[in-house]
Each structure stands twice: as C-alpha cells, then as structure tokens.
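Everything in the sequence shown is counted per my numbering, starting at 41 for the first residue and increasing by one. All C-beta atoms in this analysis are idealised placements derived from N, C-alpha and C, irrespective of residue type, glycine included. These numbers were taken from a predicted model, which means no experiment stands behind them. Notes to accompany the following structure.
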Amino acid sequence: MARTLTKSNAHFRRALRRLPMGVSSNFRYWGDDKTLYVKRGQGGRLWDLDDNEYVDYRLGYGPAILGHCHPEVDAAAREGQQVGTVFALSTEREVVVAELIAEMVEAAELVRFSNSGTEAVMAALRIARGATGRDGYVIFEGSYHGLFDAVMWQADVENLADPSLEPELLPFGKGVPGLVKQLLWHLPYNDPGPLEDLLRREGHRIAAVLIEPILGSCCGIPASPEFMRAVRELCTRHDVLMIADEVKTGFRVARGGAQQLHGLKADLCTMSKALANGYPIAAIGGREDVMRHCRTGGVTHGGTFTAGAMPLAAAERTLRILKDTDALDRVSAYGLRLQEGLTRILRAHGVAHSYAGHPSMSGLFFREVPPRNYRDWKRSDYTFYDTLAQFLIDDGVLCEPDSREPWFICAAHDDACLRDTLRAFETGVVRTLEVLRGSPTETAGKEA
Ligand code: PMP
C-alpha cells in the first residue's frame with residue numbers, strides 16, 4: 041500500500057517557520073518531504089500524522105524497552121506526578137531507585153541522577169576529573185557520548201589517504217571550540233595497543249577512559265571481550281578511571297548492562313535510555329570512593345530538574361519490571377527471531393550480510409563479516425542498506441534510515457510485528473536488488 045505523507049509534509053512547512061529544520065533535534069529531519077511527525081505510539085508500533093502504521097525499531101534510539109505507552113509505567117508516572125514535579129529538595133523515591141540500580145548494576149555502588157545521557161556523561165567526566173585531579177580523557181573512534189563539546193569529535197577517516205597516518209580530528213559541526221582538543225585523546229576501538237602506549241606515556245595527565253561497550257551509534261559494533269578486559273586492566277594499572285557509557289546498553293543488553301555481559305566493573309558508568317521506558321532521567325553510578333567526590337567543596341553536581349518525581353516513579357516501575365520479569369529475555373528472543381527471519385530472506389536472494397552488537401540492539405551489515413571499528417565501517421559501502429531502509433520505512437517498518445543506528449527491540453514486539461516486518465523485508469529486498477541492478481552479492485558486499 042502506497043504511503044502518503046500529506047499531513048506530515050504540511051506540518052513540516054508550518055514547523056519550519058518556527059523551528060530550525062522543522063524539528064527539535066537535527067537528527068529528526070529526514071528531508072523536506074520525508075520528515076515524520078508522530079501522532080502516537082503504542083507497544084512496538086507508532087502512527088504518523090497521516091495514520092501510517094509502523095513497526096518501530098528505533099524506539100526513540102532505544103528508551104522504550106517495554107514498548108510505547110506501557111500501562112504500568114505510565115500509571116506509575118501519574119502516581120509520581122501526585123508528589124509534584126521538582127522542589128529543589130530531595131524526595132523519598134531517589135534512594136529507592138538508587139538501591140534498585142545498585143542491585144542490578146554491580147559497579148553502581150553510589151548513584152546520582154541527571155536528566156539525559158549527555159548530562160550524565162558530562163557529570164561522570166567531571167567526577168573523574170575531580171577524583172583524579174587530572175583533566176585529560178580518552179574517547180574511541182565511532183563513539184557517541186552526547187552533545188557536549190568535550191565529546192563532539194570524530195576521526196576524519198574518509199580523507200585519510202594513508203591508513204598508517206593518524207586521521208584529523210573534526211568536530212561534529214560548528215560551534216565546538218578547537219581548544220577542547222588539547223585535553224582529548226581519540227583512539228581506535230578494539231585495539232588495546234594505542235591505549236597501552238598512551239597510558240604509559242601520558243597516564244599522569246589522564247582522568248578517564250570513556251568507552252561505549254557497544255558502539256550504539258556506529259552500527260552496534262561491539263567491543264571484543266579482550267578489548268574490554270584490556271581497557272579495564274590498563275586503567276587499573278595506570279590509575280586512570282574507566283567510564284562505561286551504558287546510556288544505550290544499560291538495562292537493555294542485560295539487567296546489569298554490558299558490564300554484566302563482560303563480567304567486569306567500570307569505575308563509573310552512565311545509564312539512561314531504558315531506565316524509565318522513555319521518561320527523561322539518567323543515572324551516574326560508580327565506586328563509592330570516587331562518587332563521594334560529589335560534595336560541597338568537591339565536585340559540583342545537580343540541576344533544577346534532577347530526579348524529578350515523575351521520571352523517578354517511571355524509573356522505579358521500569359526497573360522492577362526489568363528485574364523481576366522475563367522482559368529482557370523476550371527482547372533478546374525477539375531480536376534473534378528477527379535476525380533468523382531476515383537471514384532466511386537475504387539468503388534466499390543471495391545477499392551477503394551479518395549482524396553486530398546484541399540481539400536487543402543489532403546492526404545489520406551487508407557484508408559477510410561486520411566491521412570491527414569505525415575505520416572499517418567508514419570505508420564500507422552502505423548503498424544497499426540505505427536503499428532498503430527507505431523501502432522498509434515506506435512499507436511500515438521504521439528502522440533508522442542512517443545505517444549507523446542499530447535496530448532496537450522492545451518487549452512489546454510480538455508475532456504480528458515480526459510477521460509484518462518480514463513481509464515488508466521480503467518486498468524491500470526484491471525492490472532494492474531491482475534498483476541496484478547488479479548481482480546481489482557483488483552489489484551488497486563490495487567495499488567502497
Ligand atoms: N551516550 C550514549 C552512548 C548515547 O547513545 C547517547 C544518545 N544516543 C548519549 C550518551 C547522549 O544521550 P542523550 O541523547 O540523552 O543526551
């Protein structure tokens with residue numbers, strides 16, 4: 041059935057008069073005639089202003105772990121609302137949620153709350169600096185840690201004629217001061233050698249190594265167990281703090297996040313998206329001796345909207361569901377069934393492909409072997425994904441048009457979602473192959 045976007049398009053033209061790009065986040069602009077406006081979401085689906093229905097594999101970049109408008113979480117949020125909003129004072133529930141987090145995430149001995157992933161990572165970095173008395177920090181190529189100056193940097197791999205040279209470091213857009221670079225080291229992912237060299241030489245200037253255990257904004261490329269272990273050991277050896285940015289993976293890939301899967305504890309970690317099923321709240325957890333640096337005369341942390349009563353109540357209910365039910369097992373099981381279904385279709389058409397990440401947030405690659413780092417990924421050809429994604433979206437499967445985002449699964453994705461997805465996927469693959477007019481493996485598997 042052909043999708044029309046008449047109302048979304050009209051709304052875009054109106055929005056453009058008051059909102060830059062017609063949206064409230066640059067990433068929500070998908071083109072003048074393709075930008076979607078949501079009417080509502082429910083479970084694993086959402087509807088746009090034109091009443092087009094989609095199986096939602098974006099889930100707001102992951103937060104809706106239990107599905108949109110989860111009745112129990114929403115009821116808890118309404119109950120939280122009865123407490124009030126914010127008071128510039130603490131409420132009782134903060135410690136309840138902190139206790140739940142500490143039970144689920146071993147590294148989170150003490151907890152502080154923030155409103156967003158960006159704020160949580162900013163706070164974690166400040167705590168690490170306050171605790172160590174150093175200003176430098178390390179991030180890895182392909183990471184995304186939010187929209188604050190310190191982490192808005194990317195390696196210019198595309199223009200790197202000689203792969204043995206170091207890529208230039210470029211800001212994500214304008215307005216990010218170049219001065220910030222003086223404190224930052226940007227290293228390749230999944231390669232402990234450069235980190236070892238750096239910490240040996242410069243460890244005394246470095247407060248923290250920030251790592252996403254799965255590159256949640258670079259196709260879900262996972263850190264290998266060896267790399268995670270190496271980061272942990274090198275940080276310990278050089279007395280540098282390891283910050284696991286689990287804003288995407290926290291309460292999603294396991295109750296205790298990716299740290300649980302790797303069987304290790306970072307010194308600090310940040311969690312946000314799945315914490316309250318979409319209500320705005322984030323947490324910084326960490327070692328007691330490090331977290332106690334948050335104090336008068338020590339590290340300053342806070343904010344007007346921090347630990348608001350409504351998101352806290354939503355967080356408590358979400359965490360209890362994730363902790364006490366099989367919700368996360370169902371998320372992973374659906375993710376695996378989805379991968380099996382997609383693979384059956386792609387194999388039937390001879391299309392080389394692979395998955396990365398975790399079944400609850402996996403990247404789909406059109407090569408036999410997924411990339412291991414940002415440089416591999418940047419050098420790959422994503423024409424097949426880009427073409428297919430557009431057909432899928434037109435046909436009611438809302439995956440990210442940009443191949444960098446993994447597909448997110450929620451506990452509300454059910455058999456009907458899977459059936460609708462696979463039907464659209466079959467048609468989408470056929471149409472993609474027609475458009476690209478080559479033999480599938482040649483077209484889809486080739487390097488750029
Ligand atoms: N860290 C990671 C790993 C993220 O994926 C994100 C958001 N995609 C952030 C930090 C920033 O979170 P927010 O968008 O809530 O500020």
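Going by Cα to Cα distance, which pick from the options is closest to residue i?
i, options, result
"PHE406", "ALA354, LEU473, THR344", "LEU473"
"GLU93", "GLY100, VAL145, GLY84", "GLY84"
"ARG412", "LEU187, GLU181, THR44", "GLU181"
"CYS334", "SER130, ARG166, GLU119", "ARG166"
"ARG357", "VAL136, VAL63, TYR69", "VAL136"
"PRO410", "GLY186, ALA50, PRO262, PRO253", "PRO262"
"TYR494", "ALA456, LEU462, ILE449, VAL469", "Any answer about residue 494 is impossible in this case: the structure gives the chain only from 41 up to 488."
"LEU45", "PRO60, ASP88, ARG68, HIS398", "ASP88"
"THR125", "THR344, HIS110, THR310, ALA270", "THR344"
"ARG277", "LEU106, ALA248, LEU255", "ALA248"
"LEU99", "ALA452, ARG58, ALA142, VAL339", "ALA452"
"HIS398", "SER264, ASN317, ARG463", "SER264"
"GLY127", "GLY348, LEU223, TYR319", "A small correction: the amino acid at residue 127 is Phe; Gly does not occupy that position in the sequence shown. Of the listed residues, the one whose Cα sits closest to PHE127 is GLY348."
"TRP193", "LYS214, ARG169, GLY468", "LYS214"
Does DSSP put residue i in a helix, in a strand, or in coil?
i, result
"TYR97", "coil"
"PRO262", "strand"
"ILE433", "helix"
"LEU239", "helix"
"LEU59", "coil"
"ARG80", "strand"
"TYR425", "helix"
"GLY120", "helix"
"PHE345", "coil"
"THR358", "helix"
"LEU352", "helix"
"CYS309", "strand"
"ARG53", "helix"
"ASP364", "helix"
"GLY326", "strand"
"ASP495", "Outside the modelled stretch of the chain, which goes from 41 to 488, sits residue 495, for which no answer is possible."
"ARG444", "coil"
"LYS47", "helix"
"ALA42", "coil"
"GLY233", "helix"
"ALA195", "strand"
"ALA451", "coil"
"ALA484", "Note that ALA484 has pLDDT 44, beneath the 50 cutoff, so the model's placement of it is unreliable and the number below is only indicative. ALA484 falls in the helix class under three-state DSSP."
"GLY215", "coil"
"ALA392", "coil"
"PHE108", "Before going further, note that residue 108 is His rather than Phe in the sequence given. The answer is strand: DSSP assigns HIS108 an E or B state."
"ALA128", "coil"
"LYS221", "helix"
"PHE267", "helix"
"ALA115", "helix"
"GLU273", "helix"
"ALA294", "coil"
"ALA314", "helix"
With DSSP as the reference, please indicate the residues paired to residue i in a beta bridge.
i, result
"MET282", "VAL249"
"PHE188", "Note: PHE188 sits in no beta bridge, so no partner."
"ILE179", "HIS226"
"CYS334", "VAL339"
"TRP70", "TRP70 pairs with nothing; no bridge assigned."
"TYR319", "None; TYR319 has no bridge partner."
"ILE254", "PRO262"
"GLN300", "DSSP lists no partner for GLN300."
"LEU438", "ASP96"
"HIS398", "MET401"
Can you name the start and end residues of the beta strand (DSSP E) that residue i belongs to?
i, result
"PRO211", "209 to 211"
"LEU404", "401 to 405"
"ARG152", "150 to 154"
"ARG85", "85 to 88"
Go to residue i, then tell me how far its alpha helix (DSSP H) extends in each direction, as first and last residue.
i, result
"THR172", "157 to 172"
"THR472", "455 to 476"
"THR383", "367 to 388"
"ASP416", "414 to 418"
"ALA138", "133 to 144"
- If you measure from each residue's Cβ to the nearest non-hydrogen atom of the ligand PMP, which ones come out under 6 angstroms, in chain order? This selection yields TYR101, SER156, GLY157, THR158, VAL161, TYR184, HIS185, GLY186, GLU252, GLY256, SER257, ASP285, VAL287, LYS288, SER312.
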